[in-house]
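Protein sequence lines correspond, in order, to chains A and B.
Counting the first sequence from 1 gives a position; the working numbering is that position plus 16.
Counting the second sequence from 1 gives a position; the working numbering is that position plus 129.
Using N, Cα and C, we set each Cβ at its ideal position, and we do this for glycine too.
Since this is a predicted model, take the numbers as computed values, not measurements.
Report on the structure given below.
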Amino acid sequence: MAMVDPRTSIINERMREISRIIAVSSGKGGVGKSLVSATLALTLAKKGYEVGLFDLDFTSPSTHIILGIEGLQPKEEKGVVPPIVHGIKYMSIIYYSGEHATPLRGADVSNALIELLSITRWDTLDFLVIDMPPGIGDATLDLIRLIKNIEFLIVTTPSQLAFETVRKLVSLLKELKIPVIGVVENMKMNKSDAIQEQTRKLGVRFLAESSYDPEVEEAIGDTNKLQNTSLAKKMEEVAPQI
Amino acid sequence: MHEWALAEAVIAAASEIAEKEGLSEVKEVKIKVGELQQIERDILEFALSQLKSAKFKNAKFSIEIAKAELKCRVCEHKWFFGKEKLNESTAEAIHFVPEVAHTYIKCPKCGSPDFEILTGRGVWLESIKGVKNGDG
């Protein structure tokens, strides 16, 4: 027989007690995926759900900065158990890479992702929110390949450039019969229903629109401030829809 | 103790293969472990012995450690990974996620972090031998 990588055989077992696995994704970078992931996880935790947050943006992780997470390590117990911060079980490559640059090629991204999925013990969760790297590269393809019940929540800006990539992402997911929860339009600066209309034309739900909010930058690292931003308030609207 | 998590993966994958090949009893499982991951062999062996199901009751698990050879993509220099050159926390980080080697290790010749792990990464199932259904 050819050499077999045993890790992929255990991933669905590790995810067995997680009710919903939501990949927060986008076609382009810089649309606010990490902020949406972090505020969505906080909102769901505040509502009393068991929530996990997994930062899969290995080369540019940022949810730990958004949530002000420092100096923590997972516990080793027949695998690794993510620490609970602000009511969220939190996992990121930063536990291992620190604040150093982590230059990874596609195959390395894939390997690190499989490693973490196979050793992390989430136990029971209502929601696992995954902050994805932008685009439809290795991380997206691996989650689709390895996690049976993966669903996608897509973030865009009002820019046609961002939405064009959403169109491609949605068409790929539909073709593969992967559920798309809906689209969040972030950093809106003008009144326009263009994205809303185009989202509906794709046959996908439009979940919420969030205005450009200069206070978000001030709230980075402070979860109390973060929960008072207009983006976090929009997540209150998104939560019951997922 | 994340060797346990990997041992669980080995048993799960070996069970799948045994099922697919119609083995009623597994006699031998050969495992290759990459040096880069710095697996504690004793813990892995112990975990395997604790986790094995009835089908693996008489199975021998043989573990081979593969040397980790790295190759720079920029200058093509090849070298072997040496744990002794790393501090304890770095070695531990690589133990959990071998890819973070790219954070801490550079090509000794040109200093690039853009290298390929030619051999010695991860845990692999090399072969399984056993008794086929109906063979006695």
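query                                                                                                          : result
Counterpart residues of tyrosine 106/A in DSSP-defined beta bridges                                            : Leu69/A
C-beta atoms of aspartate 139/A and leucine 60/A nearer than 9 Å                                               : no
Neighbouring residues, chain A, relative to glycine 259/B (Cβ below 9 Å)                                       : Neighbours of glycine 259/B on chain A: none; closest Cβ ~12 Å, over 9 Å.
Valine 200/A vs isoleucine 170/A beta-carbon contact at 9 Å                                                    : yes
C-alpha gap between phenylalanine 185/B and aspartate 171/B, whole angstroms                                   : 18 Å
Serine 76/A in three-state terms, based on DSSP                                                                : coil
Segments assigned alpha helix (DSSP H), at least 4 residues, entirely inside the stretch 113 to 197 of chain A : 122 to 135, 154 to 162, 176 to 191
Contacting residues, own chain, Cβ-Cβ under 8 Å from isoleucine 140/B (five flanking each side not counted)    : Leu177, Leu180, Lys181, Ser182, Phe185
DSSP-derived helix/strand/coil call for methionine 251/A                                                       : helix
Of the listed residues Ala123/A, Leu69/A, Ile258/A, nearest to aspartate 147/A (C-alpha basis)                 : Leu69/A
Opening and closing residue of the beta strand (DSSP E) in which isoleucine 192/B lies                         : 189 to 195
Identity of the residue in Leu159/A, Glu115/A, Leu56/A, Asn202/A nearest serine 134/A by Cα                    : Leu159/A
CB contact flag (valine 226/B, alanine 128/A, <9 Å)                                                            : yes
Pair within 9 Å by beta-carbon distance, leucine 83/A and tyrosine 111/A                                       : no
Per-residue burial, lysine 49/A [other beta carbons within 10 Å of its own, 16 or more giving buried]          : buried
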